[in-house]
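*Asks:* Residue 1 is where the sequence shown starts when you use full-length UniProt numbering, and the numbers rise one by one after that.
The beta carbon of each residue, even a glycine, is placed where N, CA and C say it ideally should be.
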Amino acid sequence: MTVPDGSRPGLRPVWQRAALLIAGFVALLYAIEAVDAAAPAELDTAGIEPRSADGLWGVLFAPVLHADWAHLSANTIPLLVLGFLVLVSGIGRGLAATAIIWVVGGLGTWLTAGAGFVHIGASILVFGWLTYLITRGIFTRQANQIVIGVIVLFVYGSILWGVLPSDPRVSWQGHLFGAVGGVLAAWLLSSDERRRRRSPAVPSSPFG
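#1: What is the C-beta distance between Gly90 and Phe127, in whole angstroms, given that I count them as a contact (C-beta under 8 Å)?
#2: To the nearest angstrom, how far is the alpha carbon of Ile148 from that of Pro40?
#3: To the nearest angstrom, how far is the alpha carbon of Val163 from that of Trp102?
#4: Inspect the beta-carbon positions of Ile22 and Val64 and report whether they are closer than 7 Å.
#5: Measuring only between beta-carbons, confirm whether Pro13 sits less than 7 Å from chain B.
#6: What did DSSP end up calling His66 once you bin it into helix, strand or coil?
#7: Is the beta carbon of Gly94 closer than 7 Å to that of Val86?
#8: May I have the straight-line CA-CA distance separating Asn144 from Ile100, to the nearest angstrom?
#9: Tell me where the alpha helix (DSSP H) around Val35 begins and ends.
#10: Let me know the secondary structure DSSP gives Ile48 once reduced to three states.
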């Protein structure tokens, strides 16, 4: 039996899996914030503490922690929209991009942010997914990805000002290195397409 390319019997379409994954992730963030609000000890202390050995563990936890409900609410719509767009072009590739952004954004914050503060928030992912979507079409030169990048830039591009120092309560380092992670992910995950473009075409035989 044959099935459509990229599909398997009983497997949901990619867009449905992408929607379920990002909705589940955001639901997890709300569950964590609910536990944080009810727990006697604040979970937020598990975030990134710059250049502290213990604070390095915060690289793993910072994107799922938020200061309060308002902080989480501000991130919710961008997380749902951008996360879905990252995943819908391929679940495995989207998860790989997210992992790169998560690590680069966290380590960059740990190395460069001011001491004395704990850095938390999923905005690391928001900025990373944003720059990933904007730049991946440049690296792959695929028309559909370029179009998505232009639309995303038009709708959400203004938030990129957040990579600049402004409010001391805002972790602009997380924004900056999340964005750097997004560009790096787009470049790394487009290596196959870039290699294919560099490979010379093999001439066909005149004898078939």
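*Replies:* A quick look at the data gives this:
#1: In the sequence shown, residue 90 corresponds to position 90, counting from 1. In the sequence shown, residue 127 corresponds to position 127, counting from 1. Not really, about 21 Å apart at Cβ, beyond 8 Å.
#2: Within the sequence shown, numbered from 1, the residue matching residue 148 stands at position 148. Within the sequence shown, numbered from 1, the residue matching residue 40 stands at position 40. Going by the C-alpha atoms only, they are around 44 Å apart.
#3: Working through the sequence shown from its first residue, we reach residue 163 at position 163. Working through the sequence shown from its first residue, we reach residue 102 at position 102. Rounded to whole angstroms, Val163 to Trp102 spans 16 Å at the Cα level.
#4: Along the sequence shown, read from residue 1 onward, the residue named residue 22 stands at position 22. Along the sequence shown, read from residue 1 onward, the residue named residue 64 stands at position 64. In this structure, the beta-carbon distance from Ile22 to Val64 does not fall below 7 Å.
#5: The structure shown contains no chain B; it holds only a single protein chain.
#6: Locating residue 66 in the sequence shown gives position 66, where the first residue counts as 1. Correct three-state label for His66: coil.
#7: Residue numbering aside, residue 86 sits at position 86 when the sequence shown is read from its first letter. Residue numbering aside, residue 94 sits at position 94 when the sequence shown is read from its first letter. Judged by their CB atoms, Val86 and Gly94 are nearer to each other than the 7 Å cut-off.
#8: Within the sequence shown, the letter at position 144 stands for residue 144. Within the sequence shown, the letter at position 100 stands for residue 100. Cα-Cα distance, rounded: 23 Å.
#9: As a first step, residue 35 is located in the sequence shown; it is residue number 35 there, counting from the start. Secondary structure note for Val35: its alpha helix (DSSP H) is the uninterrupted segment Val14 to Ala38.
#10: On the sequence shown, residue 48 is found 48 positions in, with the first residue counted as 1. Ile48 falls in the strand class under three-state DSSP.
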